[in-house]
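Numbering (UniProt numbering), first residue to last: 1 to 340.
Below is the structure:
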């Protein structure tokens, strides 16, 4: 695979040229970006997959939803519906996609919508009788047709955009210079004990401008797993044989947190739609053992025949330091734009 990526280097140069021209046209106003009357916060990345967008969106929901009417708008990756869909009691992961359905289930006090056309999606949300005061755009850093008021760019500690290259040789969707649009850059999935010196080294490598803020977060795992009707402490199940199941971009940390030498790990592609044959395979490997999966996968599997032995492990994004500064910056942006 590495050799193939190197062979495809000329295509990476071409792709980089095309995306750079596109960004230039948007920056100069030759291609139109649409702004909206409400604060719009876009969360995304420069690379494909695995930077922790979902826990970051959930962090923002927790920060904002007690103060304001919040809506999330996602593409709804791999959903089986089309166009604009506003989540309601009839919704499921097939209609919304796994991550938006997860938002809907966890945060009943917000609006959750999906639409590949973000302009149409925002317009539809603002036409609702109970229209949101704030819209969180999920995975929309490259969606230049919408001009968000605030951009949060995520880059993973183990795969910094500064060390990466354009697709297909690397994993970047656009040039590293695209990071200049960000108001805040969050380095995700860091070690909990990341030193101040290492943080400064990373900031230097990212080459942020003087107006940009940077923060460092780690993935914090819950101390319990959750099933349909029960909660069990991780310490109670750590040593028992179990099947660990993940259909996410980078499952290794999830496996490492739970597994012992008696466990079996089963991996599926990110956003995987589980078929009947997949369920049969999972059941045959699990037998009577507990099946522990990610929260994102659980929303796809919770109505399946596996439910009696199925559990999930929640995660959240936690700041190593300066969380109050991050919160204050986001809240100040929202306050100013709601008052204007």
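The C-beta atom is built at its ideal place from N, Cα and C for all residues, glycine as well.
Could you work out which residue in the options is closest to residue i when comparing CA atoms only?
i, options, result
"residue 169", "336, 217 and 3", "3"
"residue 277", "39, 306 and 263", "306"
"residue 207", "39, 185 and 228", "185"
"residue 127", "84, 174 and 150", "84"
"residue 26", "129, 65, 36 and 146", "146"
"residue 182", "210, 20 and 22", "210"
"residue 52", "258, 270, 302 and 245", "270"
"residue 130", "109, 8 and 149", "109"
"residue 123", "174, 34 and 99", "34"
"residue 11", "301, 166 and 338", "166"
"residue 133", "229, 98 and 66", "66"
"residue 320", "197, 217, 96 and 32", "217"
"residue 255", "236, 228 and 221", "221"
"residue 125", "81, 106, 174 and 69", "69"
"residue 20", "71, 107, 180 and 82", "180"
What whole-angstrom Cβ distance do residue i and residue j have, given they're in contact under 8 Å?
i, j, result
"residue 59", "residue 317", "5 Å"
"residue 55", "residue 248", "So it is not a contact: roughly 12 Å between Cβ atoms."
"residue 112", "residue 87", "4 Å"
"residue 41", "residue 172", "Wrong, their Cβ atoms sit about 22 Å apart, outside the cutoff."
"residue 264", "residue 285", "6 Å"
"residue 139", "residue 76", "Wrong, their Cβ atoms sit about 10 Å apart, outside the cutoff."
With a threshold of 16 other CB atoms inside 10 Å of the CB of residue i, please say whether the residue is buried or exposed.
i, result
"residue 242", "buried"
"residue 121", "buried"
"residue 252", "exposed"
"residue 332", "exposed"
"residue 62", "exposed"
"residue 24", "exposed"
"residue 31", "exposed"
"residue 141", "buried"
"residue 230", "exposed"
"residue 240", "exposed"
Taking the C-alpha atoms as reference points, what is the distance between residue i and residue j?
i, j, result
"residue 295", "residue 102", "8 Å"
"residue 314", "residue 29", "42 Å"
"residue 215", "residue 280", "43 Å"
"residue 194", "residue 323", "15 Å"
"residue 341", "residue 90", "Within the shown structure, residues of the chain are numbered from 1 to 340, placing residue 341 beyond reach of any answer."
"residue 93", "residue 303", "10 Å"
"residue 144", "residue 74", "15 Å"
"residue 15", "residue 22", "11 Å"
"residue 258", "residue 250", "15 Å"
"residue 335", "residue 328", "10 Å"
"residue 298", "residue 153", "27 Å"
"residue 176", "residue 46", "7 Å"
"residue 268", "residue 339", "46 Å"
"residue 79", "residue 36", "26 Å"
"residue 244", "residue 38", "42 Å"
"residue 178", "residue 9", "20 Å"
"residue 6", "residue 266", "30 Å"
**Message:** Can you confirm whether the stretch 116-135 touches the stretch 284-298 when touching is taken to mean that 3 or more C-beta pairs between the two stretches lie within less than 8 Å?
**Reply:** No, the stretch 284-298 does not touch the stretch 116-135.
**Prompt:** Can at least three beta-carbon pairs, one atom from the stretch 263-278 and one from the stretch 201-209, be found at a separation below 8 Å?
**Reply:** Not touching, per the Cβ criterion.
**Asked** Using 8 Å as the Cβ pair cut-off and three pairs as the minimum, do the stretch 189-197 and the stretch 142-158 touch?
**Response** These segments touch.
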